[in-house]
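One structure is given here, and the rest of the page talks about it.
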Amino acid sequence: MNEPSVPPPPPPPPPPLPPLRQPPVQGSVWDKFKKLLAPVGIVLVLLLKFGAKLKFIILPVLKFFPMILKTGGTMVLSIGAYALMWGVWFAVGFVLLILIHECGHLLAARKCGLKVGAPVFIPFMGAFIALKEAPRNAWIEAQVGIGGPILGTLGAMICEVIFLGTGNPMFRALAYTGFFLNLFNLAPVGFLDGGRIVTALSPWLWLVGFVIMIGLTVVRPNFILVLILIMSAPRLFFLFRRKSDEERRYFEVTPRQRWTMALLYFGLIALLVLGMQMSHIPREILESQ
């Protein structure tokens with residue numbers, strides 16, 4: 000007997016199609032603008048609310064920002080230049096020693112009531128601060144001149160103390176370099192610090208310094224020494240020309256001022272020579288590090 004055939008089951012229904020995505024609603028330009036303005040509005044509200052309290056902090060920062068940018072930018076440039084020769088960390092220490100030296104001039108100038116600009120660094124030339132007004136007399140010029148070497152010597156001494164505490168020869172090398180640079184700057188020549196200091200002692204010391212600088216240039220020819228001689232020449236010519244009454248009054252100092260500056264000047268020279276002797280590291284030891 001034949002069994003009746005059973006029809007096959009119907010195929011399953013096809014899966015439902017995914018819903019069509021609706022395109023995102025594009026906001027108007029005004030909506031986008033409002034979203035951008037929201038954070039700005041919050042900042043403005045906070046500034047209006049706390050501005051009176053924060054102005055004592057914000058205003059000085061804004062006032063000194065160009066000065067900070069000028070000094071900081073030229074410092075970074077100098078560090079990069081010196082790092083090519085001596086490595087990064089020695090370059091950082093070297094530039095900081097120059098900064099300390101220049102801050103000595105800056106503090107001395109402000110103490111004397113002079114307006115000064117921020118320190119500006121020039122790679123391989125050091126740094127300078129621009130006096131916005133000339134010293135009124137030789138005594139003030141000498142004080143501004145010796146301020147840099149005094150603070151610079153202190154910076155070199157700090158490096159020596161760090162070496163004694165850590166034994167890191169880099170700090171002794173920085174100390175020696177600092178002592179040498181400040182001693183060199185005390186040469187009584189033209190626009191160097193020593194040339195400004197001896198205006199309160201005797202301008203004729205410029206001639207002594209000029210002769211010494213010529214000797215150094217002959218023994219060890221150097222572009223920097225030649226540049227110093229060229230820039231110092233105008234002050235040397237000043238010694239041999241007729242001076243006006245105002246120029247003569249500029250160099251008038253009291254005996255007490257002259258003795259005070261002489262003790263500071265020659266005492267600092269002696270201290271720097273001693274510092275160089277104490278911090279000297281033989282080349283063989285440096286090369287073995």
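FYI, the numbering for the sequence shown is 0 to 288, going by numbering that gives the first Met the number 0. Think of the CB as a built atom: it goes at the ideal place given N, C-alpha and C, for glycine as much as any other residue.
Spatially closest choice to residue i from the options, by CA coordinates
i: residue 224; options: 268, 189 and 126; result: 189
i: residue 264; options: 143, 214, 244 and 165; result: 143
i: residue 177; options: 77, 74 and 272; result: 272
i: residue 239; options: 270, 274, 250 and 202; result: 202
i: residue 185; options: 269, 73 and 82; result: 269
i: residue 180; options: 156, 160, 161 and 163; result: 156
i: residue 261; options: 200, 116 and 114; result: 200
i: residue 274; options: 74, 113, 107 and 159; result: 159
Boundaries of the alpha helix (DSSP H) in which residue i is found, first to last residue
i: residue 125; result: Careful: residue 125 lies outside any alpha helix (DSSP H), inside the beta strand (DSSP E) at 125-127.
i: residue 231; result: 222-237
i: residue 110; result: 87-110
i: residue 159; result: 137-165
i: residue 174; result: 168-184
i: residue 205; result: 204-218
i: residue 198; result: No alpha helix (DSSP H) holds residue 198; DSSP gives it neither H nor E.
i: residue 257; result: 254-278
i: residue 245; result: 244-249
Buried/exposed call for residue i, threshold 16 Cβ in 10 Å
i: residue 236; result: exposed
i: residue 165; result: exposed
i: residue 1; result: Because the pLDDT of residue 1 is 48, which lies under 50, any placement of that residue in the model is unreliable, and the question is left without a value.
i: residue 222; result: exposed
i: residue 246; result: exposed
i: residue 83; result: exposed
i: residue 220; result: exposed
i: residue 233; result: exposed
i: residue 101; result: buried
i: residue 124; result: exposed
i: residue 79; result: exposed
Per DSSP, the bridge partner or partners of residue i
i: residue 121; result: 125
i: residue 130; result: 115
Review point. Using 8 Å as the Cβ pair cut-off and three pairs as the minimum, do the region 247-266 and the region 130-140 touch?
Key: yes
Exercise for review: Check whether the region 242-254 touches the region 214-224, counting contact only when three or more Cβ pairs, one atom from each stretch, lie closer than 8 Å.
Suggested key: no
Exercise for review: Count the C-beta pairs between the region 113-133 and the region 149-157 that are closer than 8 Å, then say yes if the count reaches three, no if not.
Suggested key: no
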